[in-house]
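*Asks:*
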Amino acid sequence: MNQQQPLPTEHGLVWAMILDRKGGGSRIGWDGLASWRPEQGLLWAHFDISEPAPEHWLEEKSGLELPIAAALVAEDTRPRSAPSRNGLLVILRGVNLNPGAEPDDMVSVRVWLERDRIFTARRRQLRISGEIKAAIESGEGPASPGEFLCVLVEGLVDRIGESVDELDEHIDALEEAAGEHNIMEVRSQLADMRRQTAHLRRFLAPQRDALDRLVRQPDAVLSDADNLAIREQADRVQRFIEDLDLIRERGMVSQEEFVSRLAFQQNQRILVLSVLSAVFLPLTFLTGLMGMNVGGIPGAETTLGFIGASALLVALGALIAVYFRRRKWF
Numbered sequence: 001m002n003q004q005q006p007l008p009t010e011h012g013l014v015w016a017m018i019l020d021r022k023g024g025g026s027r028i029g030w031d032g033l034a035s036w037r038p039e040q041g042l043l044w045a046h047f048d049i050s051e052p053a054p055e056h057w058l059e060e061k062s063g064l065e066l067p068i069a070a071a072l073v074a075e076d077t078r079p080r081s082a083p084s085r086n087g088l089l090v091i092l093r094g095v096n097l098n099p100g101a102e103p104d105d106m107v108s109v110r111v112w113l114e115r116d117r118i119f120t121a122r123r124r125q126l127r128i129s130g131e132i133k134a135a136i137e138s139g140e141g142p143a144s145p146g147e148f149l150c151v152l153v154e155g156l157v158d159r160i161g162e163s164v165d166e167l168d169e170h171i172d173a174l175e176e177a178a179g180e181h182n183i184m185e186v187r188s189q190l191a192d193m194r195r196q197t198a199h200l201r202r203f204l205a206p207q208r209d210a211l212d213r214l215v216r217q218p219d220a221v222l223s224d225a226d227n228l229a230i231r232e233q234a235d236r237v238q239r240f241i242e243d244l245d246l247i248r249e250r251g252m253v254s255q256e257e258f259v260s261r262l263a264f265q266q267n268q269r270i271l272v273l274s275v276l277s278a279v280f281l282p283l284t285f286l287t288g289l290m291g292m293n294v295g296g297i298p299g300a301e302t303t304l305g306f307i308g309a310s311a312l313l314v315a316l317g318a319l320i321a322v323y324f325r326r327r328k329w330f
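What follows is the structure, encoded as structure tokens:
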């Protein structure tokens, strides 16, 4: 799968392209970005805002309103959309597919759309951006800002769906493994899964609201076809939220079942110990009596005394065991 290849980090410009509005485009650098004119084509600039250069350019040279520029470079963000008179601000979250990262550690992507310009910004790599770039380079990319947003949203939602499916398969496996493996190990994995579910859901609900707001508020950047496509993705996000709620409920039920199973096992062990104690208590009492160092102990003077005492204890123990068995105490 194609991965984005960022420019040296001191540049802060991951890439910039001029799209021909037919699916293709060509790369430009900082100089081309500064000299771009609308008649050249649709501009797409993708920034790494962990570097200082993009923040300065967006605030000082891009022509954006300061609140828009500040939103694109903000340290912490939540999914939202905000139409304005000049364009459309969209902030979304995607699954973190970077090596060694947890999928529930979601990556933020900030998007500003105008009729002739697209600005996207991120702090960590997001695979869908590289896939859009590769599609443009092969002549199969988006032809308009609205289509660009639709492709971006669909890619983000697809990967969220894959993560939700993995969680669903994981809880199925945990439920099946509960009777075959150590319950404590399964409970630990279940707790991790519930944590991932909570983190995913934390951003999916506002992401659904952001997409809903896009289609509810008319905007000059998005066409009717774009709105229809985004509405479909909003419905998918809603289904994923419902799936996560179901996974969370299944996790809670499974955890309660594991707790009950552990309690049952502990009670069974305690019952066995109690039965053994009840069986041996009278036997221990009798052996204590017969072991006292006083005269008059029955059988002390006969050679069959030990055998008789042992037989008596065995018989008494058997009677006690039979009594407990009939009472269904074990």
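Just so we're aligned, residue 1 is where the sequence shown starts under my numbering, counting upward by one.
Just so it is clear, CB atoms sit at the ideal spot from N, CA and C, and this is done for glycine as well.
#1: List the whole-angstrom C-beta distance separating Leu64 from Trp30, where the pair is believed to meet the contact cut-off of C-beta under 8 Å.
#2: Around the Cβ of Ser254, are there at least 16 other Cβ atoms within 10 angstroms (buried) or fewer (exposed)?
#3: For Asp116 and Pro145, what's the separation of their Cα atoms in angstroms?
#4: What residue range does the beta strand (DSSP E) around Leu113 cover?
#5: By alpha-carbon positions, which one of Val109, His170, Val95 ends up nearest to Leu89?
#6: Helix, strand or coil: which one does DSSP assign to Gly94?
#7: Where does Leu13 sit, in a helix, a strand or coil, going by DSSP?
#8: DSSP on Gln3, reduced to helix/strand/coil?
#9: Taking all protein chains shown into account, do 16 or more other C-beta atoms lie within 10 angstroms of the C-beta of Met17, making it buried, or fewer, making it exposed?
#10: Put Pro83 into one of helix, strand or coil per three-state DSSP.
#11: Are three or more beta carbon pairs between the segment 126-144 and the segment 207-220 nearer than 8 Å?
#12: Inspect the beta-carbon positions of Leu167 and Met193 and report whether they are closer than 8 Å.
#13: Would you give the residue range spanned by the alpha helix (DSSP H) that Asp48 belongs to?
#14: Determine the burial state of Ile171: buried for a count of at least 16 other Cβ atoms within 10 Å of its Cβ, exposed for fewer.
#15: How is the alpha helix (DSSP H) around Ala315 delimited, first residue to last?
#16: Going by C-alpha distance, which of Gln266, Leu204, Leu149 is nearest Trp44?
#17: For Ala121, report the span of its beta strand (DSSP E) as first-last.
#18: Among the candidates Arg326, Thr284, Ala71, Phe324, whose CA atom is the shortest distance from the CA of Ser310?
#19: Please report the straight-line C-alpha distance between Met1 and Leu13, rounded to a whole angstrom.
#20: Determine the direct distance from the alpha carbon of Ser163 to that of Ala70, and round the result to whole angstroms.
#21: Using a Cβ-Cβ cut-off of 6 Å (strictly less than) and excluding sequence neighbours within five positions of Asp226, which residues of its own chain qualify?
#22: Put Gly24 into one of helix, strand or coil per three-state DSSP.
#23: Could you tell me how far apart the beta carbons of Ala205 and Ile241 are, in whole angstroms, since I believe they sit closer than 8 Å?
#24: Taking only three categories from DSSP, how would you classify Gln233?
#25: Expressed to the nearest angstrom, what Euclidean distance is found between the alpha-carbon atoms of Arg93 and Glu39?
#26: Using 8 Å as the threshold, is the C-beta distance between Arg122 and Asp224 below it?
#27: What does the Cβ neighbour count give for Asp243, buried or exposed, with the cut at 16 atoms within 10 Å?
#28: Should Glu114 be labelled buried (16 or more other beta-carbon atoms within 10 Å of its own) or exposed?
#29: Taking the beta carbon of Ser35 as the centre, do at least 16 other beta carbons fall within 10 Å, making it buried, or is it exposed?
#30: Report back the beta-carbon spacing between Leu33 and Gly25 to the nearest angstrom; my notes put them in contact at under 8 Å.
#31: Take Phe119 as the anchor and find which of Trp57, Gly155, Lys328 has the nearest alpha-carbon.
#32: Leu42 to Gly141, Cα distance in whole Å?
*Replies:* Quick look at the numbers:
#1: Not really, about 17 Å apart at Cβ, beyond 8 Å.
#2: buried
#3: 8 Å
#4: 107-113
#5: Val109
#6: strand
#7: strand
#8: Bear in mind that a pLDDT of 41 at Gln3, under 50, signals an unreliable position, so the number given afterwards is only what the model happens to contain. Residue state, collapsed to three classes: coil.
#9: buried
#10: strand
#11: no
#12: yes
#13: Unbroken run through Asp48 is the beta strand (DSSP E), 42-48; no alpha helix (DSSP H).
#14: buried
#15: 305-326
#16: Leu149
#17: 117-122
#18: Thr284
#19: Here the model assigns Met1 a pLDDT of 37, short of 50, so the residue's position is not dependable, and the following value carries that caveat. Those two C-alpha atoms are separated by around 22 Å.
#20: 31 Å
#21: Gly146, Cys150
#22: coil
#23: 6 Å
#24: helix
#25: 32 Å
#26: no
#27: buried
#28: buried
#29: exposed
#30: Their Cβ separation, rounded to whole angstroms, is 13 Å, which puts Leu33 and Gly25 out of contact at 8 Å.
#31: Trp57
#32: 12 Å
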